[in-house]
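According to my numbering, the residues represented by the sequence shown are 39 to 140, in order. Just so you know, even glycine gets a beta-carbon here, dropped at the ideal spot from N, CA and C. One structure below.
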Amino acid sequence: MLAVLRFLAGVFLLVAAFAGIADATHSAAGKGLVMTSLLEHWSRMAPQTLVAAQASLRRVPLAWDVVVKPALSIPAWMFFIVLAGLFAWGGRRRSRVNIFAN
Numbered sequence: 039m040l041a042v043l044r045f046l047a048g049v050f051l052l053v054a055a056f057a058g059i060a061d062a063t064h065s066a067a068g069k070g071l072v073m074t075s076l077l078e079h080w081s082r083m084a085p086q087t088l089v090a091a092q093a094s095l096r097r098v099p100l101a102w103d104v105v106v107k108p109a110l111s112i113p114a115w116m117f118f119i120v121l122a123g124l125f126a127w128g129g130r131r132r133s134r135v136n137i138f139a140n
């Protein structure tokens, strides 16, 4: 189980690197500082799933507008770095402590 969490941490870190590099190349192209949100990436890559998620979350009062939309408005690279950190922390190897009582 720990190996799966470490693997997923690596995958999320790779996705964060790709998103950061994409933002950096757009910024270097003379468009100013570009930080693409996760919501923008989602709307470009899979707009049908975004519409379906919005429709299902709008059934719960304030779920989309107050909770989910602000969470998806952060830059994509930041979201995936935090996610990779959480998975890496969860998949870390615990140190064993041997306590011997005489």
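Residue range of the alpha helix (DSSP H) that residue i falls in?
i	result
Ile59	Leu40 to His64
Ala93	Pro85 to Leu95
Leu110	Lys107 to Leu110
Compare the Cα-Cα distances from residue i to each of the options and report the closest residue.
i	options	result
Leu77	Ala114, Gly123, Val120 and Phe118	Ala114
Gly74	Phe138, Pro85, Trp127 and Ala57	Looking at the sequence itself, residue 74 is Thr, so the reference to Gly does not match. Thr74 has its Cα closest to that of Ala57, out of Phe138, Pro85, Trp127 and Ala57.
Ala54	Leu124, Asn136, Ala139 and Phe118	Phe118
Leu43	His79, Trp127 and Gln92	Trp127
Ala60	Ser94, Met83, Val105 and Val72	Val72
Trp80	Arg131, Val106 and Leu124	Val106
Using the DSSP secondary-structure output, state which residues sit across from residue i in a beta bridge.
i	result
Ser75	Pro113
By the 10 Å Cβ neighbour count, where 16 or more other Cβ atoms means buried, how is residue i classified, buried or exposed?
i	result
Phe45	exposed
Leu110	buried
Ala47	buried
Ala90	exposed
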